[in-house]
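Input: a single structure, listed below in structure tokens.
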Amino acid sequence: MKITEFLKHNYRHFNAAALIDAAEGYKAHLDNGGKMMVTLAGAMSTAELGISLAEMIRQDKVQIISCTGANLEEDVFNLVAHNYYERIPNYRELSAEQEQDLLDRHLNRVTDTCIPEMEAMRRIENVILEEWMAADAKGERYFPHEFFYKILLSGKMDESFQIDPKNSWLLEAAKKNLPIIVPGWEDSTLGNMYAGHVISGDVKNVHTVKSGIEYMMFLAEWYTENATNDSTVGFFQIGGGIAGDFPICVVPMLHQDLQRDNVPLWGYFCQISDSTTSYGSYSGAVPNEKITWGKLGLETPKYIIESDATIVAPLVFAIVLDQ
Numbered sequence: 020m021k022i023t024e025f026l027k028h029n030y031r032h033f034n035a036a037a038l039i040d041a042a043e044g045y046k047a048h049l050d051n052g053g054k055m056m057v058t059l060a061g062a063m064s065t066a067e068l069g070i071s072l073a074e075m076i077r078q079d080k081v082q083i084i085s086c087t088g089a090n091l092e093e094d095v096f097n098l099v100a101h102n103y104y105e106r107i108p109n110y111r112e113l114s115a116e117q118e119q120d121l122l123d124r125h126l127n128r129v130t131d132t133c134i135p136e137m138e139a140m141r142r143i144e145n146v147i148l149e150e151w152m153a154a155d156a157k158g159e160r161y162f163p164h165e166f167f168y169k170i171l172l173s174g175k176m177d178e179s180f181q182i183d184p185k186n187s188w189l190l191e192a193a194k195k196n197l198p199i200i201v202p203g204w205e206d207s208t209l210g211n212m213y214a215g216h217v218i219s220g221d222v223k224n225v226h227t228v229k230s231g232i233e234y235m236m237f238l239a240e241w242y243t244e245n246a247t248n249d250s251t252v253g254f255f256q257i258g259g260g261i262a263g264d265f266p267i268c269v270v271p272m273l274h275q276d277l278q279r280d281n282v283p284l285w286g287y288f289c290q291i292s293d294s295t296t297s298y299g300s301y302s303g304a305v306p307n308e309k310i311t312w313g314k315l316g317l318e319t320p321k322y323i324i325e326s327d328a329t330i331v332a333p334l335v336f337a338i339v340l341d342q
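So for the sequence shown, our numbering puts the first residue at 20; every next one is plus one.
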């Protein structure tokens, strides 16, 4: 039985039914000529979402991505250092002393998975530092994701791949030159490294890596060119936080701050979240709240799946891919 057949037969009510509805809405949006933004919060790359997301990119089911700096870099960490990762199934039972032991072994834990500092983080630092310094010396400036595209497409890391490269979503995105928005990139391992290299003088111009404000300006231009009344842009939000909060605001900015007319609202909205609405979080807000902010309209298809994104997102993608 195909995954889609199994899901449609068994997933009939509550969050299960919301999953089906959201996936069918995703397909309908694309079938009607729309485009889709996918946003990645949390540690979805370390959860190896690339296995399904890369295929979505290959089949043109995603036209733009917004992600945290962590998701940007952790897909590449996994690509080049997967064999050195350690899984800790009993992570809930670790003592403080055991956590210290992981630190002493240069293993940085993300829930049940440890990222190896030397094989992943420092290996990528050495490669991307060359690109930072080369651009800096030429007076050139690029976005964080563009520096990653450079090192991935150069081929200089191909021999270091430790997973099937078809499971790297960032590599697939690089091949298509997919636009990526990385709000708050400074809050990432490589963002910290970059700050260190500017402080030490290896990089002279702190603006060699472009800023978040420039990402918003880029997104405003992209959205204006790609969102029309006949071909709107949808918003598929995995998790919460800045990866979703930042890009969804481009629409009210165009309307309210730039006073532009005829800019369509987001044409589809779905969020996979376990955030609690009553806590006042943006991440937990029900979709209708976004109407008051000028992000979604009365007629916008809206879905929320209150569940674990590591479980739900690949299933939604399977339906969209008709697997």
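Positions of the beta carbon are idealized from the N, C-alpha and C atoms, including for glycine. Given the structure is predicted, the values throughout are model-derived calculations rather than measurements.
- The alpha-carbon separation between ILE257 and GLY263 amounts to approximately 8 Å.
- DSSP, reduced to helix, strand and coil, places ASN127 within a strand of the structure shown.
- ILE267 sits close to LYS314, with the two beta carbons spaced by under 8 Å.
- With a 10 Å radius around the Cβ and a threshold of 16 neighbouring Cβ atoms, HIS48 comes out buried.
- When secondary structure is reduced to three states using DSSP, ILE324 falls in the strand class.
- Residue environment for PHE265: buried (at least 16 other C-beta atoms within 10 angstroms of its C-beta).
- Its Cα nearest to that of SER179, the residue ASN97 stands out among GLY69, ASP221 and ASN97.
- For VAL217, the enclosing alpha helix (DSSP H) begins and ends at 208–219.
- The segment 268–311 is shown to contain whole alpha helix (DSSP H) runs of 4 or more residues at 308–311, in chain order.
- Judged by DSSP in its simplified three-state form, PRO184 adopts helix.
- In this structure, ALA193 and LEU171 form a Cβ contact; the two beta carbons are roughly 5 Å apart against a cut-off of 8 Å.
- Leaving aside the five residues that flank PRO135 on each side, the residues in its chain whose CB is nearer than 7 Å to its CB run, in chain order, ALA100, TYR103, TYR104, HIS125 and LEU126.
- As the crow flies, the alpha-carbon of LYS157 is around 52 Å from that of ASN34.
- Per DSSP, ILE83 is one residue of the beta strand (DSSP E) stretching across 83–86.
- Counting only the Cα atoms, SER114 lies some 44 Å from ASN196.
- The C-beta separation of VAL282 from ALA332 comes to about 28 Å, leaving the pair out of contact by the 8 Å criterion.
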